[in-house]
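Trainee: If you read the protein sequences in the order shown, they are chains A and B. Residue numbering for the first sequence follows numbering that gives the first Met the number 0, starting at 0 and increasing by one per position. Residue numbering for the second sequence follows numbering that gives the first Met the number 0, starting at 0 and increasing by one per position.
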Amino acid sequence: MPEMLFEVRDLVTRFRSEGGEIRPSRGVSFHIAAGEVLGLVGESGSGKSVTARASVRLQQPESATIGGELFFRGQDLRKLDAEALRALRAKQIAMVVQDPAAALNPVMTIGDQLFRIHRLHGGSESEARAAALSLLTRMRIAEAESRLSAYPHQLSGGMRQRVLIALALICRPSLLIADEPTTALDVTVEAEILALLDELRRELGMAMLMISHNLSVIGRICDRVAVMYAGRIMEEGPTQALLTSPRHPYTRALLASVPRGTKADGPLPAIPGEPPDLARLPPGCPFQARCPGAEARCTEDQPLRDIAPGRKAACWRAEAA
Amino acid sequence: MANFLLGRAATLALVLFGASVLIFLVVRALPGDPAIAMMTSNATPEEIQAMREAIGLHLPLWQQYFTWVGGAVTGDLGRSFMYSTGVAGLIAERFPVTLHVSLVALAIAMAIAIPAGVLSARYKGGPIDHLFRIVAMIGISMPVFWQGLLSILLFAVILGWLPPGGYQPLSAGIGLSTAHIILPAVALGTAYAATITRMLRSSMLDVLGREHIAVARAHGVPERTIIWTDAFRNALIPTLTAAGFSFGYLLAGAVLTEVIFNLPGMGRLLYESILSRDYPLVQGLVLLNVTLFVLINFGMDALYAILDPRIRR
Chain A
0 MPEMLFEVRD
10 LVTRFRSEGG
20 EIRPSRGVSF
30 HIAAGEVLGL
40 VGESGSGKSV
50 TARASVRLQQ
60 PESATIGGEL
70 FFRGQDLRKL
80 DAEALRALRA
90 KQIAMVVQDP
100 AAALNPVMTI
110 GDQLFRIHRL
120 HGGSESEARA
130 AALSLLTRMR
140 IAEAESRLSA
150 YPHQLSGGMR
160 QRVLIALALI
170 CRPSLLIADE
180 PTTALDVTVE
190 AEILALLDEL
200 RRELGMAMLM
210 ISHNLSVIGR
220 ICDRVAVMYA
230 GRIMEEGPTQ
240 ALLTSPRHPY
250 TRALLASVPR
260 GTKADGPLPA
270 IPGEPPDLAR
280 LPPGCPFQAR
290 CPGAEARCTE
300 DQPLRDIAPG
310 RKAACWRAEA
320 A
Chain B
0 MANFLLGRAA
10 TLALVLFGAS
20 VLIFLVVRAL
30 PGDPAIAMMT
40 SNATPEEIQA
50 MREAIGLHLP
60 LWQQYFTWVG
70 GAVTGDLGRS
80 FMYSTGVAGL
90 IAERFPVTLH
100 VSLVALAIAM
110 AIAIPAGVLS
120 ARYKGGPIDH
130 LFRIVAMIGI
140 SMPVFWQGLL
150 SILLFAVILG
160 WLPPGGYQPL
170 SAGIGLSTAH
180 IILPAVALGT
190 AYAATITRML
200 RSSMLDVLGR
210 EHIAVARAHG
220 VPERTIIWTD
230 AFRNALIPTL
240 TAAGFSFGYL
250 LAGAVLTEVI
260 FNLPGMGRLL
270 YESILSRDYP
280 LVQGLVLLNV
290 TLFVLINFGM
300 DALYAILDPR
310 IRR
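1. Taking Cβ positions only, does G31(B) come closer than 8 Å to chain A?
2. So, V40(A) versus S211(A), is the Cβ gap smaller than 8 Å?
3. By alpha-carbon positions, which one of L161(B), H99(B), F292(B) ends up nearest to Y248(B)?
4. Shortest alpha-carbon distance to G219(B) belongs to which of A255(A), H152(A), L168(A), A225(A)?
5. Taking the DSSP output, what are the residues bridged to V36(A)?
6. Output, in chain order, the set of chain A residues within a Cβ distance shorter than 7 Å of L306(B).
7. Who are the Cβ neighbours of P162(B) in its own chain at under 8 Å, not counting the five residues just before and after it?
8. Report the residues of the segment 195-227 of chain B with a CB closer than 8 Å to any CB of chain A, ordered along the chain.
9. Figure out for me which residue from I270(A), R259(A), H120(A), G19(A) has the closest Cα to the Cα of L87(A).
10. Quick check on D305(A): buried or exposed, where buried means 16 or more other Cβ atoms within 10 Å of its Cβ?
11. With 8 Å as the threshold, decide whether the Cβ of R232(B) is near any Cβ in chain A.
12. Quick one: grab the DSSP three-state call for T10(B).
13. Measure the alpha-carbon distance for D98(A) versus V186(A) and round it to whole angstroms.
14. Hey, would you say the C-beta of E198(A) is under 7 Å away from at least one heavy atom of the ligand GTP?
15. Between the C-alpha atoms of R296(A) and V55(A), what's the straight-line distance to the nearest angstrom?
16. Just to confirm, is the Cβ distance from V106(A) to G66(A) under 8 Å?
17. Can you tell which of G188(B), L306(B), A234(B) has the C-alpha that lies nearest to the C-alpha of A110(B)?
18. Helix, strand or coil, according to DSSP, for Y228(A) in the structure here?
19. Under 8 Å, with one C-beta from each stretch per pair, do the segment 194-202 of chain B and the segment 270-281 of chain B reach the 3-pair mark?
20. Going by C-alpha to C-alpha distance, which of S140(B), I181(B), S176(B) sits closest to R194(B)?
21. In angstroms, rounded to a whole number, what distance separates the CA positions of S125(A) and Q153(A)?
22. Please tell me whether V96(A) has its Cβ less than 8 Å away from any Cβ of chain B.
23. Which residue comes first and which comes last in the alpha helix (DSSP H) that contains A240(A)?
24. Would you say R309(B) lies against chain A (beta-carbon separation less than 8 Å)?
25. When you compare the CB positions of M299(B) and L239(B), do they come within less than 8 Å of one another, or not?
26. Per DSSP, which one or two residues make a beta bridge with K311(A)?
27. Along the chain, where does the beta strand (DSSP E) that runs through T64(A) open and close?
28. When the Cα of W315(A) is compared with those of S16(A), N104(A), E234(A), G18(A), which residue comes out closest?
29. Return yes when the Cβ of P275(A) is within less than 8 Å of the Cβ of A229(A), no when it is not.
30. Just to confirm the assignment, what range does the beta strand (DSSP E) spanning V143(B) have?
31. Can you grab the Cα-Cα spacing for the pair R52(A) / D222(A), in whole Å?
32. Which residues mark the beginning and the end of the alpha helix (DSSP H) in which M158(A) is found?
33. Output needed for A127(A): all residues of its chain with C-beta closer than 6 Å, excluding positions within five of it in sequence on either side, in chain order.
34. Here's the rule I'm using: 16 or more other beta-carbon atoms within 10 Å means buried, otherwise exposed. How should Q74(A) be labelled?
35. With distances taken from CA atoms, which of D32(B), S119(B), P44(B) is nearest F80(B)?
36. Can you tell me whether R13(A) is helix, strand or coil according to DSSP?
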């Protein structure tokens with residue numbers, strides 16, 4: 000059993016919106032072992048991005064997090080002061096985000112952005128330069144030396160995403176929060192970046208929380224998957240098992256709506272109904288209104304429970320499937 | 000970068016040409032004949048005609064225009080009807096006063112607006128933000144002349160600390176000079192500080208919500224650096240536009256302020272020249288204002304290019 004790196008228990012976040020109070024995370028728990036990749040999958044608005052960011056105290060405003068324990072190497076992140084938390088950033092916990100055009104400071108050169116992260120966590124100018132250069136080369140960026148003095152707008156989208164990854168990896172963190180890191184890229188570049196990310200991850204022995212709405216991305220690089228819907232984790236398990244024999248009706252619906260690439264399949268089945276209004280959730284299972292097998296007891300709360308070794312689901316009928 | 004600035008310079012020349020034509024025509028569209036305005040009321044039509052010819056008003060418009068513009072490019076703006084001396088000399092005498100007040104006012108405005116705007120954004124929704132919001136609303140709503148009158152009443156009349164008006168150049172001693180300039184500069188500066196504060200606050204908030212700020216935080220960049228380096232430099236770009244225009248207005252001569260504080264600046268000169276239909280003086284002053292405005296904009300564009308690498312191409 001590998002060492003437990005990161006464990007989130009009962010994370011609750013809360014925002015006020017025009018429609019009333021919404022809770023993007025409603026008691027979310029998950030854990031990641033050292034070197035492990037956990038996928039967090041769900042539709043837009045399921046709360047996965049807020050949950051992931053709040054789990055490492057990066058959600059703004061921070062007061063949105065109102066409950067839960069966030070153990071990183073046995074230490075509760077919620078109990079750390081700003082300085083102690085900052086010391087963990089980049090060195091232990093780093094983040095890659097979706098839109099590389101917006102994620103780099105437009106008025107700083109690539110080099111300056113990379114160097115300063117390295118220097119913030121100790122190290123000289125020349126060490127920072129060497130680390131940045133070797134990482135950019137490792138990221139297969141041609142003419143890395145001259146790219147250091149380039150500004151973000153002078154690079155292509157794929158190039159910017161590589162720089163963003165380099166920024167996250169320059170201090171060799173042990174946990175990477177990857178918030179849809181390839182969503183803004185076209186498919187060929189996506190495949191390349193994913194492969195590169197996976198390769199570097201293995202090299203550094205780094206664990207990863209991979210957020211995506213794309214099941215094929217998740218399937219390619221995750222060890223385990225947690226499926227999120229309306230602020231809750233509905234099902235969790237090893238990637239292969241979960242994708243081939245889903246136990247929760249929502250996971251099944253999600254898998255059914257993935258295109259397989261042949262026209263002969265006919266029209267794609269969409270999940271009937273609409274995602275629930277987060278400000279007005281019904282009691283019990285949030286998926287009940289769209290679930291083909293909903294029954295009376297679905298209005299009662301159904302916590303995520305063990306249904307098989309390594310597998311959990313939040314459905315009364317998970318075993319029956 | 001050079002191309003960018005060259006392009007801007009060409010635009011600048013075009014704008015000045017257009018403005019000069021417009022100024023010339025608008026001044027001549029003003030009702031009232033300057034020749035009559037310059038004469039005593041019992042002047043005969045022959046005398047008035049002689050005066051018209053003496054000051055060149057009998058020539059066709061295009062000829063008057065080219066005489067004026069031809070002189071202007073060599074620095075000769077013609078002779079003032081009212082003062083009977085060169086317009087350029089008159090402006091050269093008054094301009095330093097306005098420049099002095101404007102620069103001090105701008106410095107005051109920036110000294111207030113930068114910390115106030117940044118802190119309001121940093122502590123959005125908190126007591127500091129609300130305090131600055133209220134102060135800024137007062138600053139925006141209170142007319143400059145009213146604030147000027149109140150400050151004269153308090154500091155000159157009641158307390159007797161400062162002179163109520165007039166001007167002393169820096170050569171008269173920095174203390175004496177500052178004592179004369181401080182009230183009008185504060186009156187003007189606080190008004191502009193209010194506008195720039197609000198502008199800076201909203202562009203800081205915009206930048207602070209961007210993903211590169213979240214990424215910087217995620218990698219342990221200290222909050223102070225995030226505010227003053229990452230966010231401030233990006234937020235400065237739209238704010239400079241507001242600040243540049245403000246400075247243009249300041250230089251154009253805050254007419255009311257100069258009248259209230261009895262400052263012999265360009266604003267007051269413009270006011271007097273319009274009243275007396277002094278065509279060459281009005282034209283000269285307005286042309287100078289337009290030129291200053293355009294030059295400030297040019298300076299702003301150059302500054303953007305330094306601040307924002309995306310503009311440099």
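Using N, Cα and C, we set each Cβ at its ideal position, and we do this for glycine too. Quantities reported herein were computed from a predicted structural model and do not represent experimental measurements.
Mentor: Let's see:
1. The residue given as residue 31(B) occupies position 32 in the second sequence. With 8 Å as the cut-off, G31(B) does not count as an interface residue toward chain A.
2. Counted from its first residue, the first sequence places residue 40(A) at position 41. Counted from its first residue, the first sequence places residue 211(A) at position 212. In contact: V40(A) and S211(A) (Cβ atoms closer than 8 Å).
3. Residue mapping note: residue 248(B) aligns to position 249 of the second sequence, counting from 1. Measuring from the Cα of Y248(B), the nearest candidate turns out to be F292(B).
4. Mapped onto the second sequence, residue 219(B) falls at position 220. Among A255(A), H152(A), L168(A), A225(A), the Cα nearest to that of G219(B) is on L168(A).
5. By 1-based counting over the first sequence, the position of residue 36(A) is 37. According to DSSP, V36(A) bridges with M207(A).
6. For the purposes of this step, residue 306(B) is identified with residue 307 of the second sequence, where counting begins at 1. Here the neighbours are V106.
7. Within the second sequence, the letter at position 163 stands for residue 162(B). Counting only Cβ-Cβ distances below 8 Å, and skipping sequence neighbours, we find A155, A178, H179.
8. R209, E210, H211, A213, V214, A215, R216, A217, H218, G219, V220, P221, E222
9. Mapped onto the first sequence, residue 87(A) falls at position 88. It is H120(A) whose Cα lies nearest to the Cα of L87(A).
10. Position 306 of the first sequence, counted from the start, is the residue given in the question as residue 305(A). D305(A) should be labelled exposed.
11. As a working note, residue 232(B) is residue 233 in the second sequence. Yes, because at least one Cβ of chain A sits closer than 8 Å to the Cβ of R232(B).
12. As a working note, residue 10(B) is residue 11 in the second sequence. It is helical.
13. Counted from its first residue, the first sequence places residue 98(A) at position 99. Counted from its first residue, the first sequence places residue 186(A) at position 187. Whole-angstrom Cα-Cα distance: 15 Å.
14. Looking for the ligand GTP in the displayed structure turns up nothing, as the structure carries no ligands at all.
15. To locate residue 296(A), count along the first sequence from 1; it is residue 297. To locate residue 55(A), count along the first sequence from 1; it is residue 56. Whole-angstrom Cα-Cα distance: 35 Å.
16. Sequence index remark: in the first sequence, residue 106(A) carries index 107 (1-based). Sequence index remark: in the first sequence, residue 66(A) carries index 67 (1-based). Their beta carbons are not under 8 Å apart, which means V106(A) does not touch G66(A) by this criterion.
17. Taking the first residue of the second sequence as 1, we reach residue 110(B) at position 111. It is G188(B) whose Cα lies nearest to the Cα of A110(B).
18. What you label residue 228(A) is simply residue 229 of the first sequence in a count that begins at 1. The answer is strand: DSSP assigns Y228(A) an E or B state.
19. no
20. For the purposes of this step, residue 194(B) is taken as residue 195 along the second sequence, with counting starting at 1. The residue you asked about is not Arg; residue 194(B) is Thr in the sequence shown. When each option's Cα is compared against that of T194(B), the closest is S140(B).
21. For the purposes of this step, residue 125(A) is identified with residue 126 of the first sequence, where counting begins at 1. For the purposes of this step, residue 153(A) is identified with residue 154 of the first sequence, where counting begins at 1. So the alpha carbons of these two residues sit roughly 24 Å apart.
22. Residue numbering aside, residue 96(A) sits at position 97 when the first sequence is read from its first letter. Yes, its Cβ sits closer than 8 Å to a Cβ of chain B.
23. Taking the first sequence and counting its residues from 1, the one referred to as residue 240(A) is at position 241. Segment 238-243, the alpha helix (DSSP H) holding A240(A).
24. Within the second sequence, the letter at position 310 stands for residue 309(B). Answer yes: the Cβ-Cβ gap between R309(B) and chain A drops below 8 Å somewhere.
25. In the second sequence, residue 299(B) corresponds to position 300, counting from 1. In the second sequence, residue 239(B) corresponds to position 240, counting from 1. Yes. Within cutoff.
26. Here residue 311(A) corresponds to residue number 312 of the first sequence, with the count starting at 1. Paired residue(s): E235(A), D305(A).
27. Taking the first residue of the first sequence as position 1, residue 64(A) is located at position 65. Unbroken beta strand (DSSP E) run through T64(A): 64-71.
28. As a working mapping, residue 315(A) is identified with position 316 in the first sequence. Closest by alpha carbon: E234(A).
29. Residue numbering aside, residue 229(A) sits at position 230 when the first sequence is read from its first letter. Residue numbering aside, residue 275(A) sits at position 276 when the first sequence is read from its first letter. Yes.
30. Position 144 of the second sequence, counted from the first residue, corresponds to residue 143(B). Careful: V143(B) lies outside any beta strand (DSSP E), inside the alpha helix (DSSP H) at 143-150.
31. In the first sequence, counting from the first residue as 1, residue 52(A) sits at position 53. In the first sequence, counting from the first residue as 1, residue 222(A) sits at position 223. Using only the alpha carbons, I get a separation of about 20 Å.
32. Translated into the one-based positions of the first sequence, residue 158(A) becomes position 159. Start and end: 156-168.
33. The residue given as residue 127(A) occupies position 128 in the first sequence. Cβ neighbours of A127(A) beyond the five flanking positions: F114, H117, R118.
34. One-based indexing of the first sequence puts residue 74(A) at position 75. By the neighbour-count rule (16 or more Cβ atoms within 10 Å), Q74(A) is not buried but exposed.
35. Position 81 of the second sequence holds residue 80(B). Checking every option, the nearest Cα to that of F80(B) belongs to D32(B).
36. For the purposes of this step, residue 13(A) is taken as residue 14 along the first sequence, with counting starting at 1. Three-state result, R13(A): strand.
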